[in-house]
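Okay, so here's the structure we're looking at.
2 protein chains.
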Amino acid sequence: MKNIQKYLEDNKDRFLNELFEWLRIPSVSSNPDSKDDMYKAANWAKDALLKAGADRATVYETEGHPVVYGEKIVDPNKPTVLVYGHYDVQPADPLDLWDSEPFEPVVRKTDLHPDGAIFGRGSCDDKGQAFMHFKAFEAMVANGFLPVNIKFMIEGEEEIGSPSLGKFCEDNKAMLANDVILVSDTSVIANDVPSITTGLRGLSYVEVEVVGANRDLHSGTYGGAVANPINILSEMISKLMDENRHITIPGFYEDVVEATAEERVLINEAPFNLDDYKKELDIDDVCGEKGYTTDERTGIRPSCDVNGIWGGFTGKGTKTVLPSKAYAKISMRLVANQKPKKIAKLFEEYFKSIAPDCVRIKVDYLHGGLPVMTPIDTPEYRAAENAMETTYGKKPIPTMEGGSIPIIALFEQILGSKSVLMGFGLNSDAIHSPNEHYGLFNFYKGIETIPYYFKYYSEMK
Amino acid sequence: MKNIQKYLEDNKDRFLNELFEWLRIPSVSSNPDSKDDMYKAANWAKDALLKAGADRATVYETEGHPVVYGEKIVDPNKPTVLVYGHYDVQPADPLDLWDSEPFEPVVRKTDLHPDGAIFGRGSCDDKGQAFMHFKAFEAMVANGFLPVNIKFMIEGEEEIGSPSLGKFCEDNKAMLANDVILVSDTSVIANDVPSITTGLRGLSYVEVEVVGANRDLHSGTYGGAVANPINILSEMISKLMDENRHITIPGFYEDVVEATAEERVLINEAPFNLDDYKKELDIDDVCGEKGYTTDERTGIRPSCDVNGIWGGFTGKGTKTVLPSKAYAKISMRLVANQKPKKIAKLFEEYFKSIAPDCVRIKVDYLHGGLPVMTPIDTPEYRAAENAMETTYGKKPIPTMEGGSIPIIALFEQILGSKSVLMGFGLNSDAIHSPNEHYGLFNFYKGIETIPYYFKYYSEMK
Numbered sequence: 008m009k010n011i012q013k014y015l016e017d018n019k020d021r022f023l024n025e026l027f028e029w030l031r032i033p034s035v036s037s038n039p040d041s042k043d044d045m046y047k048a049a050n051w052a053k054d055a056l057l058k059a060g061a062d063r064a065t066v067y068e069t070e071g072h073p074v075v076y077g078e079k080i081v082d083p084n085k086p087t088v089l090v091y092g093h094y095d096v097q098p099a100d101p102l103d104l105w106d107s108e109p110f111e112p113v114v115r116k117t118d119l120h121p122d123g124a125i126f127g128r129g130s131c132d133d134k135g136q137a138f139m140h141f142k143a144f145e146a147m148v149a150n151g152f153l154p155v156n157i158k159f160m161i162e163g164e165e166e167i168g169s170p171s172l173g174k175f176c177e178d179n180k181a182m183l184a185n186d187v188i189l190v191s192d193t194s195v196i197a198n199d200v201p202s203i204t205t206g207l208r209g210l211s212y213v214e215v216e217v218v219g220a221n222r223d224l225h226s227g228t229y230g231g232a233v234a235n236p237i238n239i240l241s242e243m244i245s246k247l248m249d250e251n252r253h254i255t256i257p258g259f260y261e262d263v264v265e266a267t268a269e270e271r272v273l274i275n276e277a278p279f280n281l282d283d284y285k286k287e288l289d290i291d292d293v294c295g296e297k298g299y300t301t302d303e304r305t306g307i308r309p310s311c312d313v314n315g316i317w318g319g320f321t322g323k324g325t326k327t328v329l330p331s332k333a334y335a336k337i338s339m340r341l342v343a344n345q346k347p348k349k350i351a352k353l354f355e356e357y358f359k360s361i362a363p364d365c366v367r368i369k370v371d372y373l374h375g376g377l378p379v380m381t382p383i384d385t386p387e388y389r390a391a392e393n394a395m396e397t398t399y400g401k402k403p404i405p406t407m408e409g410g411s412i413p414i415i416a417l418f419e420q421i422l423g424s425k426s427v428l429m430g431f432g433l434n435s436d437a438i439h440s441p442n443e444h445y446g447l448f449n450f451y452k453g454i455e456t457i458p459y460y461f462k463y464y465s466e467m468k
Numbered sequence: 008m009k010n011i012q013k014y015l016e017d018n019k020d021r022f023l024n025e026l027f028e029w030l031r032i033p034s035v036s037s038n039p040d041s042k043d044d045m046y047k048a049a050n051w052a053k054d055a056l057l058k059a060g061a062d063r064a065t066v067y068e069t070e071g072h073p074v075v076y077g078e079k080i081v082d083p084n085k086p087t088v089l090v091y092g093h094y095d096v097q098p099a100d101p102l103d104l105w106d107s108e109p110f111e112p113v114v115r116k117t118d119l120h121p122d123g124a125i126f127g128r129g130s131c132d133d134k135g136q137a138f139m140h141f142k143a144f145e146a147m148v149a150n151g152f153l154p155v156n157i158k159f160m161i162e163g164e165e166e167i168g169s170p171s172l173g174k175f176c177e178d179n180k181a182m183l184a185n186d187v188i189l190v191s192d193t194s195v196i197a198n199d200v201p202s203i204t205t206g207l208r209g210l211s212y213v214e215v216e217v218v219g220a221n222r223d224l225h226s227g228t229y230g231g232a233v234a235n236p237i238n239i240l241s242e243m244i245s246k247l248m249d250e251n252r253h254i255t256i257p258g259f260y261e262d263v264v265e266a267t268a269e270e271r272v273l274i275n276e277a278p279f280n281l282d283d284y285k286k287e288l289d290i291d292d293v294c295g296e297k298g299y300t301t302d303e304r305t306g307i308r309p310s311c312d313v314n315g316i317w318g319g320f321t322g323k324g325t326k327t328v329l330p331s332k333a334y335a336k337i338s339m340r341l342v343a344n345q346k347p348k349k350i351a352k353l354f355e356e357y358f359k360s361i362a363p364d365c366v367r368i369k370v371d372y373l374h375g376g377l378p379v380m381t382p383i384d385t386p387e388y389r390a391a392e393n394a395m396e397t398t399y400g401k402k403p404i405p406t407m408e409g410g411s412i413p414i415i416a417l418f419e420q421i422l423g424s425k426s427v428l429m430g431f432g433l434n435s436d437a438i439h440s441p442n443e444h445y446g447l448f449n450f451y452k453g454i455e456t457i458p459y460y461f462k463y464y465s466e467m468k
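If you're matching them up, the sequences are chains R and Z in order.
Under our numbering, the first residue of the first sequence carries the number 8, and numbering increases by one thereafter.
Under our numbering, the first residue of the second sequence carries the number 8, and numbering increases by one thereafter.
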């Protein structure tokens, strides 16, 4: 392992420059105009895997954006680790809130990253974290230490709900066969408080349209007599939660596995300071379901957020319009055992039931993902625990993360293997926001930790 | 009068072509980039008045967009009619809903306008209607029939609440001195049901900002624990009206002069067919304050409409963002004797009082106008009544219009004269919407009617 660590130290600057190349490709999967950039980013990953030491690497076509697959089989009788990551990124807008160009990465220091952080879309989510695996793999190969087989599956549709990956897994079960899936697309609690994600919320994402009159109207001539779809949409949104911020959709909580008293105690043992949390977000108060702590609200409780709303005149100045239409994008985070499509259906039924006769409603299901729970009493998990304990000097804490990686549940269904979510980001890395960044400490700590995972995992299997 | 009517008939095509020139200038007063076009449109009006026969016409600077003034004084001892109109127009967006270019007028037939209608921004509101006065004036001068003095004041800020016109009137009281202000910026009930507007609602227009965290957040990591300003804004908007669509802002109705039972009977005597109304708007139901008819809701009752809302991700596809900010433009239509600034203040106090601690609120007052009631037992009104009866063959009905012309109330305060609102549009002319149009019938009927107004008015004074 010493050689590997020396190799990593000797090649630090090169690793960073290589990652920058990848980050410069604006592979925004939700943008229909990004097709060329998606291929560019996929091919870049394929070439990077080959250079790092893969026996083979290929860009596989799908009905959506391509999947990059690469492997190095050291011995078919040995266990296999499948590394999953994604090369697609979130849209960069609102662009005017970025302090540097989203697709021209730069290193800047911050309070939480005194050694510097890489600022750029995808720096943490997930190019930066996927790339740690490429480089750890390169170091293991270069130093003749790869104790198990390794496979890489790097997709291009994670940020839009991985619509093509299920079929890709179905179609390539043999090729993808593995004993564990290793994923770095999550966070640690803090750089001195390592943690491993053992739960992820699911997602059910819908778009709603509320239509009033057949055209925009003059708000003087018609105001007060004809439905205003923005007012109505607002009223309907207000009926999604009650005064305790409990979601009011009938049947919404039906499949929720309530956490036991013991589990709730555990969740609240993770280091958390409400004052620091509020200060960091510059808010006077948190806001969530009555009867639960902040960690519970994001870890074991579902939520309902309007991700976007628009309608009427939104330019400078004033326009006295009574608009014809109003829209909202609404997503619900789910916990075990809620199911995305069932939730979307319950949402649609309820939303339509509360619509007054003066408007017409359309609800489109955009995408979803199942919630995930991973066991912590397995060699797969313990290998990650030992690896982090070695490099951080502290045993990592198992945590529930509020975000979703919808494909994790599908992996288990299709490939039959559990995932280990050993991520190295921080929640404050602004991964879906302007100024996304990834600490240099985190980037290098990840590359340092991953080879230990292979070491411990091979020793335990 | 025969000569005048022949003159009008002989010059119909030229009048239309001249109006088209004016309509091609995109004088959108709310657009800060329109400055040059505002001057262009003002100068065009000045030249048009001179060509029509004004003794003098001038473009007056203001702190905002310029005011065009022109006059022809036939005898200082005779009464004076001041014609008011505006050369500014509403923004044209959403552009994609226009069937032809908003600033390239064309004539197309419609069901309500079998003779054709002029499609283009400002065709009805108000260039087309102001221009009728230019041409009626030209015809009267050309045929040696101008029985009273005439003055024109054509402003460029009506659509943004006429912020500079009050001062202009104050500064030029002597120049503007008049016995009646004649305004064509309203509608008739139908082309075979003439009407004159005797009431206008006022307006109080605000913009609100709701701020949650100091940056956009990942809706997975934070959703359910940190305030979503869109959800909160929606909830706050839903609290502006109760289940009877009665506005809940404390004190909002304090100054409302309730209509008497007799007045309500009169209002509901105007021809109105609810089924036709719903069909024309393609709605299954109307929507307004309980206990009032549609004509009452827009004529004698205040209203509260969200004119625009925006926040979060509004592009194609999905983004799981928990936004930092959400915005809405909200306007309230007022009736006698509500006061715009007082209402805005009540709104702000209430809106802030219902905001939870987890968000911060900003309320900006954008503009407003007082409601108007004009008496119908005056020579000024009866002249309009007789003029319309002559050209339409039916006595016009006095009606309350839901829209606002904020400056009308100011005229009375500053210049001491009442206005007569003799407009020729239709409510279906889409004046603040895509595909604004103005019937050729209406345009020519207006030009035909206006000289009769001068005739009857001079006979009665």
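Think of the CB as a built atom: it goes at the ideal place given N, C-alpha and C, for glycine as much as any other residue.
All of these numbers come straight from a predicted model, not from anything done at the bench.
Per DSSP, R/E296 is not a residue of any alpha helix (DSSP H), being assigned neither H nor E. Straight-line spacing of the CA atoms in Z/K323 and R/S36 works out to 11 Å.
Between the segment 320-339 of chain R and the segment 207-227 of chain R, the count of Cβ pairs shorter than 8 Å is three or higher; the stretches touch. Relative to Z/V379, the option among Z/G409, Z/P441, Z/P39, Z/E164 whose CA is nearest is Z/G409.
Close partners of R/V293 in chain Z (Cβ separation under 7 Å): A232, V233, C365. If you draw a straight line from the Cα of R/L329 to the Cα of R/L224, it is about 5 Å long. For a cut-off of 8 Å, the C-beta gap from R/I167 to Z/T325 is around 6 Å, short enough to register as a contact. With its beta carbon less than 8 Å from one in chain Z, R/S411 belongs to the interface. In this model, Z/K348 and Z/T205 are separated by some 23 Å (Cα to Cα).
By the neighbour-count criterion, in which 16 or more other beta carbons inside 10 Å mark a residue as buried, Z/K286 falls on the exposed side. Identification of chain R residues near Z/Q97 by a Cβ-Cβ cut-off of 7 Å yields K326, ordered along the chain. In chain order, L329 place their CB closer than 7 Å to the CB of R/G230, counting only its own chain and leaving out the 5 sequence neighbours on each side. Residues of the segment 36-65 of chain Z with a C-beta atom less than 9 Å from some C-beta of chain R are S36, S37, N38, P39, listed in chain order. The alpha carbon of R/F110 has as its nearest neighbour, out of R/V90, R/F461, R/L288, R/E443, the alpha carbon of R/E443. For R/K158, the three-state secondary structure derived from DSSP is strand. Cβ neighbours of Z/E355 within its own chain (closer than 6 Å, five residues either side excluded): V370.
As the crow flies, the alpha-carbon of R/E419 is around 8 Å from that of R/S426. Sorting Z/Y464, Z/A124, Z/K58 by C-alpha distance to the C-alpha of Z/N393 places Z/Y464 at the top. Looking at the DSSP output, Z/C311 sits in a beta bridge with Z/M339.
Interface residue (Cβ-Cβ distance to chain Z less than 8 Å): R/K9 is not classified as such. In the three-state reduction of the DSSP assignment, Z/D371 falls in the strand class.
Boundaries of the alpha helix (DSSP H) around Z/R21: 19-30. According to DSSP, residue pairing for R/S194 in a beta bridge involves R/G432. Contact annotation: in the segment 124-139 of chain R, residues whose CB is within less than 9 Å of a CB in chain Z are D132. When only Cα atoms are considered, R/P170 and R/V74 end up about 12 Å apart. Taking the CA atoms as reference points, R/C365 sits about 55 Å from R/A184. Within the DSSP secondary-structure output, R/Y445 pairs in a beta bridge with R/I125.
Between R/I404 and R/V200, the C-beta gap is smaller than 8 Å, which places the two residues in contact. Interface residue (Cβ-Cβ distance to chain Z less than 8 Å): R/F354 is not classified as such. Excluding its 5 nearest sequence neighbours in each direction, Z/E265 has no C-beta neighbour in its own chain below 7 Å.
In this structure, Z/K158 sits near Z/L89, with a CB-CB distance shorter than 8 Å. Annotation: Cβ neighbours of Z/N314 in chain R (cutoff 7 Å, chain order): S226, G319, F320, K326, T327, V328.
Residues G318, G319, P330, A333 of the same chain have their beta carbon placed closer than 7 Å to that of R/I237, with the five preceding and five following residues left out of the count. For R/L373, at least one C-beta of chain Z is nearer than 8 Å to its own C-beta. Between Z/L26 and Z/L433, the gap from beta carbon to beta carbon reaches 8 Å or more. Counting every other CB atom within 10 Å of its CB across the protein chains shown gives Z/T267 a total below 16, marking it as exposed.
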